[in-house]
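The structure appears below as structure tokens.
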Amino acid sequence: MGILNLALKKFHGGVHPKENKDLAKHCPIEELPMPKRLYVPLQQHSGTACEPCVKPGDKVFKGQLIGRTIANVSSPVHAPTSGTIEAILDHVVGHYSGLTDQCVVLLPDGNDQWDPSLKGLDNPFEADSKAIRDKVRDAGVVGLGGAVYPTHIKLSPPRGKPVDVMLINGVECEPYITNDTRIMEERSREIVEGAQLMMRAIQCSSCLICIEANKPGAIQAMEKAVEGVPNFRVVVLPVRYPQGAKNQLIEAITHRQVPSGGRSTDTGATVQNVATSAAVRDAVLYGRPLIRRVVTVSGRGIVRPANLDVPIGTPIQDLIDHCGGLKPGVQQIIMNGPMMGTALHDLQSPVVKATAAVLAFMPNEIHNEPEQPCIRCGNCLEVCPVELTPCEIVWRAKHDLIDQLPEVHVKDCIECGSCAYACPANIPLVHYIRYGKMAVAAKRNEKEKTEMTRLRNQAKLARLEAEKAEKERKKEEMRLASEARKKAAAAAPKPAADAPAAPAAPAPTSTVESHS
Amino acid sequence: MSMTSLKISSSPFVHDGTSIPAIMQAVIWSLLPAAALGVMVFGWSALFVMLITTLACVITERILNAIRSRPSTIGDQSAALTGLLLAMTMPSNSPWWLCVVGGVFAILLGKQLYGGLGYNMFNPALIARVFLLISFPVQMTTWPAPVPLLSEHAHTLSEGLAMILSAPFGTPELLDALSTATPLGQYRTETGMGHTVREALGGNFGFDLFSAATGLIKGSLGETSAILLTLGGIYLLRKRIITWHIPITMLLGCIVPAIIFWLIDPTKYPDPLFHLVTGGLIIGAFFMATDMVTSPVTPMGQIIFGLGCGILTYLIRTWGGYPEGVSFAIVIMNATVPLIDQYSRPVTYGKKKSA
Chain A
1 MGILNLALKK FHGGVHPKEN KDLAKHCPIE ELPMPKRLYV PLQQHSGTAC
51 EPCVKPGDKV FKGQLIGRTI ANVSSPVHAP TSGTIEAILD HVVGHYSGLT
101 DQCVVLLPDG NDQWDPSLKG LDNPFEADSK AIRDKVRDAG VVGLGGAVYP
151 THIKLSPPRG KPVDVMLING VECEPYITND TRIMEERSRE IVEGAQLMMR
201 AIQCSSCLIC IEANKPGAIQ AMEKAVEGVP NFRVVVLPVR YPQGAKNQLI
251 EAITHRQVPS GGRSTDTGAT VQNVATSAAV RDAVLYGRPL IRRVVTVSGR
301 GIVRPANLDV PIGTPIQDLI DHCGGLKPGV QQIIMNGPMM GTALHDLQSP
351 VVKATAAVLA FMPNEIHNEP EQPCIRCGNC LEVCPVELTP CEIVWRAKHD
401 LIDQLPEVHV KDCIECGSCA YACPANIPLV HYIRYGKMAV AAKRNEKEKT
451 EMTRLRNQAK LARLEAEKAE KERKKEEMRL ASEARKKAAA AAPKPAADAP
501 AAPAAPAPTS TVESHS
Chain B
517 MSMTSLKISS SPFVHDGTSI PAIMQAVIWS LLPAAALGVM VFGWSALFVM
567 LITTLACVIT ERILNAIRSR PSTIGDQSAA LTGLLLAMTM PSNSPWWLCV
617 VGGVFAILLG KQLYGGLGYN MFNPALIARV FLLISFPVQM TTWPAPVPLL
667 SEHAHTLSEG LAMILSAPFG TPELLDALST ATPLGQYRTE TGMGHTVREA
717 LGGNFGFDLF SAATGLIKGS LGETSAILLT LGGIYLLRKR IITWHIPITM
767 LLGCIVPAII FWLIDPTKYP DPLFHLVTGG LIIGAFFMAT DMVTSPVTPM
817 GQIIFGLGCG ILTYLIRTWG GYPEGVSFAI VIMNATVPLI DQYSRPVTYG
867 KKKSA
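So the protein sequences, as listed, match chains A and B.
Under this note's numbering, the first residue of the first sequence is numbered 1, with each subsequent residue one higher.
Under this note's numbering, the first residue of the second sequence is numbered 517, with each subsequent residue one higher.
This is the structure in structure tokens:
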């Protein structure tokens, strides 16, 4: 198959930030003791939020459904442990504005007792696509690489677009983060089994496990795990950010680009993260929902960096406390990697399905220089993996030239941060680009609303017009009818009883006339 | 710890450490060998021309910062670089006031009136040179013969200073240096009178490629040493401050037509090497046309821009009203940059026709 002819292609641009993975890459995954309280947000995936299906006071099992959804693009939420629902309230979530969102507050009972109704498939490796997909959907599995897109949708490729190859994404190109590295080293068997199940679901025959060359331990472990497994192969990629981004990985491996606005399957490839793969396996084999994930706690501001296996909903503060707390002088704490993460200002924000890391930075680790004017050096174009002209987008966004933003393809930006990383003028390009995207969307909504109002008004006018015409028609009809009757009356021999009939006939006509 | 003490900013949080001052400094470093050679070849007066012009630029920048109530921007070193670049396009015995007028013009009208660094349309050093060339043609084209330091007739430091200061308003008194034509000037004057290229450049004039390439000839201060300037350019390429697109295409844009016309009639048109090593082609290609603010950002745009600069240079040198066309060519192409950028954007990921 041509697709397996692996002459690795470079995707355009990219950068190589200081890896800083040494801080945590040798720390084995350890389980965090059960926190006192869990705050489980009802929206942890891209798509529609869930509706709570429990109420305060309810006792729940570990793995029991607590957030239900009927929307297409959505994913259910489950109780991370057994206990009592304390409240359903708005709680701060990991967003730099300090945004709150609806969370289910769960008081663990300490028994950690599984929902007895959870069952896996009987013959998982011979199951059909739909059975696997349903298990994955019911378990609330979403992409754990960062996009948190519901996995069951990715396992339903559109008809007529066969998937030749599945890429298992162990690239982990963000600096500092090591959770995927550890998962590959410690849970390689589970990853391969999950991948096999997903391959069954999408009827794809080959699987490449993609890992960057800076993770020899993971490469070794995965190579051992795929030994003797047909159609599996480990691919070692040169280190380059953002190679772990879905479209860039597809380009590096298949030499094809996902069409703008299209889906990965348009290239005959699909990408799944290593941790997602392991979660799929747990869902299909045991019916276990996604209620825990591995989070790297690192950065030079953390006393004891670690890779923690934590229940979803654990406050970030608990993770930090478990790792010995913060060193004095910590300047910034972020969720996820330093290239695409989110700065936190409230450590009560919970761990969600999208949380791969919590990093605490000392001032010398991060960038603190003030923004200067763009000198048009072109670095941003050189490093942009999407081949945009970032400086031109920023210029338009800064000057509110919203109408000009689509022509510089603002929508195609993947917000990887390479441009801002390489900008000598310290311009926060991604920030401006995000603003630009939102401004374009807002303007489009506005336009749609205006258009809708216009159409509605048009329809109303047309309806009034039609009603008026109808009235005219009826009036005409009546006039003709009464004339005909008069004629008939005149022509006919005089009947005896003309008195009651004659005034009745013209009466409606006069009513209509008075109206118009 | 208190929640509010955490810094909130937008991703990414890390940076590769590049900065505007670092870029400007690297360009200044890469110019220094050629500048030093300029001083060696033309004597101390060259050093004073550079110092006065650079100071004029830096002081103007600072004053304008104050007038516009902005923080000082002299730290970004772009004004100093403008001054050095401008000085290197001037005769080594330029009077002090010419240096001051040039420096003030470069920063005031060439840069700050547009809004400062990043907003100017034309290369400030070049627009100032063009201004000086048009306004003070005598001073700007009176090239002193080289009087190298340590040579028999070398000026002392104070003589060099005196030379710059002695002629307040008028042609500088040229101690014992004879004002002579540059090779490009000689070629245009003589071929214009019907002589062949060989007659024009040979004989008494005694042009030879070696001294032209090394910089031991008449010309403006720093634009004479093709070899040292090329080395400086290579340093910038290696440091990835400039890319190959503009310099290479600009050289090609000038050399290719030169080859064609030379092959057609070598008596009328000088050989391409002559074009390469004389005048300001090298400093223009590596240091002037590559000015980031005033050149395109897209690789394709840079290629178009470079070719345009090169071709215009050849056209002006061969048929234009001035013997040297590099400054005019680049300034003209500067004006086309917004247009070039708009029509040379790369194809964004996933938008290729074949995809």
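The beta carbon of each residue, even a glycine, is placed where N, CA and C say it ideally should be.
Is the beta carbon of residue 864 of chain B closer than 8 angstroms to that of residue 144 of chain A? If you number the first sequence from 1, residue 144 of chain A lands on position 144. If you number the second sequence from 1, residue 864 of chain B lands on position 348. Their beta carbons are not under 8 angstroms apart, which means residue 144 of chain A does not touch residue 864 of chain B by this criterion.
Residues that residue 334 of chain A contacts on chain B, provided the C-beta gap is smaller than 7 angstroms: The count along the first sequence starts at 1 and reaches residue 334 of chain A at position 334. Within 7 angstroms Cβ-Cβ: 529.
Taking only beta-carbon positions, decide if residue 260 of chain A is within less than 8 angstroms of chain B. Your numbering for residue 260 of chain A matches position 260 in the first sequence. Yes, because at least one Cβ of chain B sits closer than 8 angstroms to the Cβ of residue 260 of chain A.
Which chain B residues sit within Cβ distance under 9 angstroms of residue 304 of chain A? Sequence index remark: in the first sequence, residue 304 of chain A carries index 304 (1-based). In chain order: nothing, as chain B lies at least about 17 angstroms away.
Any beta carbon of chain A sitting closer than 8 angstroms to that of residue 627 of chain B? Here the question's residue 627 of chain B lines up with position 111 in the second sequence. So no, residue 627 of chain B is outside the interface.
Mapping the DSSP letters down to three states, classify residue 307 of chain A as helix, strand or coil. Counting from 1 along the first sequence, the entry for residue 307 of chain A is found at position 307. Residue state, collapsed to three classes: strand.
Proximity test, Cβ basis, 8 angstroms: residue 531 of chain A and chain B: Coverage of chain A is limited to positions 1 through 516, which leaves residue 531 of chain A absent and any answer about it impossible.
For residue 591 of chain B and residue 575 of chain B, what's the separation of their Cα atoms in angstroms? For the purposes of this step, residue 591 of chain B is taken as the residue at position 75 of the second sequence. For the purposes of this step, residue 575 of chain B is taken as the residue at position 59 of the second sequence. The alpha-carbon atoms of residue 591 of chain B and residue 575 of chain B are separated by roughly 12 angstroms.
Could you check where the alpha helix (DSSP H) with residue 263 of chain A kicks off and where it finishes? Locating residue 263 of chain A in the first sequence gives position 263, where the first residue counts as 1. It is not in any alpha helix (DSSP H) - residue 263 of chain A carries neither H nor E in the DSSP assignment.
What residues of chain B sit near residue 420 of chain A, judged by a beta carbon separation below 7 angstroms? Mapped onto the first sequence, residue 420 of chain A falls at position 420. Within chain B, 528 have C-beta atoms less than 7 angstroms from the C-beta of residue 420 of chain A, given in sequence order.
Spell out a yes or no on whether the region 563 to 574 of chain B and the region 603 to 611 of chain B are touching, meaning 3 or more CB-CB pairs, one atom from each, closer than 8 angstroms. The region 563 to 574 of chain B is in contact with the region 603 to 611 of chain B.
Which one of A:166, A:179, A:168, A:43 has the shortest CA to CA distance from residue 309 of chain A? Position 309 of the first sequence, counted from the start, is the residue given in the question as residue 309 of chain A. Considering only A:166, A:179, A:168, A:43, the residue with the shortest C-alpha distance to residue 309 of chain A is A:179.
Residues from the region 166 to 180 of chain A in contact with chain B, defined by Cβ distance under 8 angstroms: Residues 175.
Could you tell me whether any Cβ in chain B is nearer than 8 angstroms to the Cβ of residue 102 of chain A? The residue given as residue 102 of chain A occupies position 102 in the first sequence. No, residue 102 of chain A lies away from the interface with chain B (no Cβ there is under 8 angstroms from its Cβ).
Tell me the DSSP secondary structure of residue 97 of chain A in three-state form. On the first sequence, position 97 is the one that residue 97 of chain A refers to. Three-state DSSP puts residue 97 of chain A in coil, outside helix and strand.
Measuring CB to CB, does residue 353 of chain A end up less than 8 angstroms from residue 142 of chain A? Taking the first sequence and counting its residues from 1, the one referred to as residue 353 of chain A is at position 353. Taking the first sequence and counting its residues from 1, the one referred to as residue 142 of chain A is at position 142. Cβ distance < 8 angstroms, so residue 353 of chain A and residue 142 of chain A count as in contact.
Entirely within the region 549 to 625 of chain B and at least 4 residues each: give me those alpha helix (DSSP H) ranges in chain order. Runs of the alpha helix (DSSP H) inside the region 549 to 625 of chain B: 560 to 583, 594 to 603, 612 to 624.
Tell me the DSSP secondary structure of residue 232 of chain A in three-state form. As a first step, residue 232 of chain A is located in the first sequence; it is residue number 232 there, counting from the start. Taken through DSSP and simplified to helix, strand or coil, residue 232 of chain A comes out as strand.
I believe residue 226 of chain A touches residue 250 of chain A by the beta-carbon criterion, under 8 angstroms. Please report the beta-carbon distance rounded to the nearest angstrom. Along the first sequence, read from residue 1 onward, the residue named residue 226 of chain A stands at position 226. Along the first sequence, read from residue 1 onward, the residue named residue 250 of chain A stands at position 250. Under the criterion of beta carbons closer than 8 angstroms, residue 226 of chain A and residue 250 of chain A do not qualify as touching, at roughly 20 angstroms.
Write down every uninterrupted run of the alpha helix (DSSP H) in the region 153 to 188 of chain A whose length is 4 residues or greater and which is fully enclosed by it, in chain order. Listed in chain order, they are 179 to 186.
Is it true that the region 354 to 361 of chain A meets the region 299 to 309 of chain A, where meeting means three or more beta-carbon pairs spaced less than 8 angstroms apart? Judged by Cβ distances under 8 angstroms, the region 354 to 361 of chain A makes contact with the region 299 to 309 of chain A, as three or more pairs qualify.
Is any beta-carbon of chain B found at less than 8 angstroms from that of residue 19 of chain A? The sequence position of residue 19 of chain A within the first sequence is 19, counting from 1. Chain B, which has no Cβ nearer than 8 angstroms to the Cβ of residue 19 of chain A, makes this no.
Distance between residue 615 of chain B and residue 690 of chain B (C-alpha atoms, nearest Å): Position 174 of the second sequence holds residue 690 of chain B. Position 99 of the second sequence holds residue 615 of chain B. In this prediction, residue 690 of chain B has a pLDDT of 46, which is less than 50 and means its spatial position is unreliable; what the coordinates show is noted afterwards. For residue 690 of chain B and residue 615 of chain B, the distance between alpha carbons rounds to 17 angstroms.
How would you call residue 560 of chain B, buried or exposed, if buried means at least 16 neighbouring beta carbons within 10 angstroms? Along the second sequence, read from residue 1 onward, the residue named residue 560 of chain B stands at position 44. Under the 10 Å beta carbon count, residue 560 of chain B is surrounded by 16 or more other beta carbons and is classified as buried.
Spell out the partners DSSP gives residue 273 of chain A in its beta bridges. If you number the first sequence from 1, residue 273 of chain A lands on position 273. Its beta-bridge partners are A:169.
Expressed to the nearest angstrom, what Euclidean distance is found between the alpha-carbon atoms of residue 857 of chain B and residue 287 of chain A? Within the second sequence, numbered from 1, the residue matching residue 857 of chain B stands at position 341. Within the first sequence, numbered from 1, the residue matching residue 287 of chain A stands at position 287. When the Cα atoms are used, residue 857 of chain B and residue 287 of chain A turn out to be separated by approximately 56 angstroms.
So residue 810 of chain B packs on residue 853 of chain B, CB below 8 angstroms; how close in whole Å? In the second sequence, the residue the question calls residue 810 of chain B occupies position 294. In the second sequence, the residue the question calls residue 853 of chain B occupies position 337. Confirmed, about 6 angstroms.
Give, in chain order, every residue of the region 840 to 871 of chain B whose Cβ lies closer than 8 angstroms to some Cβ of chain A. Listed by position, the residues of the region 840 to 871 of chain B near chain A (Cβ gap below 8 angstroms) are 857, 861, 862, 863, 864, 865, 866, 867, 868, 871.
Going by DSSP, which residues form a beta bridge with residue 538 of chain A? This structure gives no information on residue 538 of chain A, because the portion of chain A shown stretches from 1 to 516.
Segment contact, 8 angstroms Cβ cut-off, at least three pairs: the region 455 to 463 of chain A with the region 420 to 428 of chain A: Cβ pair count under 8 angstroms is below three, so no.
Could you work out which residue in B:828, B:820, B:829, B:825 is closest to residue 859 of chain B when comparing CA atoms only? As a first step, residue 859 of chain B is located in the second sequence; it is residue number 343 there, counting from the start. Among B:828, B:820, B:829, B:825, the Cα nearest to that of residue 859 of chain B is on B:820.
Inspect the CB distances between the region 51 to 63 of chain A and the region 9 to 26 of chain A and report whether three or more fall short of 8 angstroms. Below 8 angstroms, too few C-beta pairs join the region 51 to 63 of chain A and the region 9 to 26 of chain A to call them touching: fewer than three.
Please name the residues in the region 624 to 649 of chain B whose beta-carbon is closer than 9 angstroms to at least one beta-carbon of chain A, in chain order. Hits within the stretch, in order: 631, 632, 633, 634, 635.
What residue does the alpha helix (DSSP H) around residue 448 of chain A start on, and which one ends it? As a working mapping, residue 448 of chain A is identified with position 448 in the first sequence. That run of the alpha helix (DSSP H) goes 429 to 491.
Run the CB neighbour count on residue 20 of chain A, radius 10 Å, all protein chains shown included, and call it buried at 16 or more, exposed below. Counted from its first residue, the first sequence places residue 20 of chain A at position 20. With 16 or more Cβ atoms within 10 Å of its Cβ, residue 20 of chain A is classed as buried.
In this structure, does DSSP put residue 545 of chain B in helix, strand or coil? Indexing the second sequence from 1 puts residue 545 of chain B at position 29. Reduced to three states, the DSSP call for residue 545 of chain B is helix.
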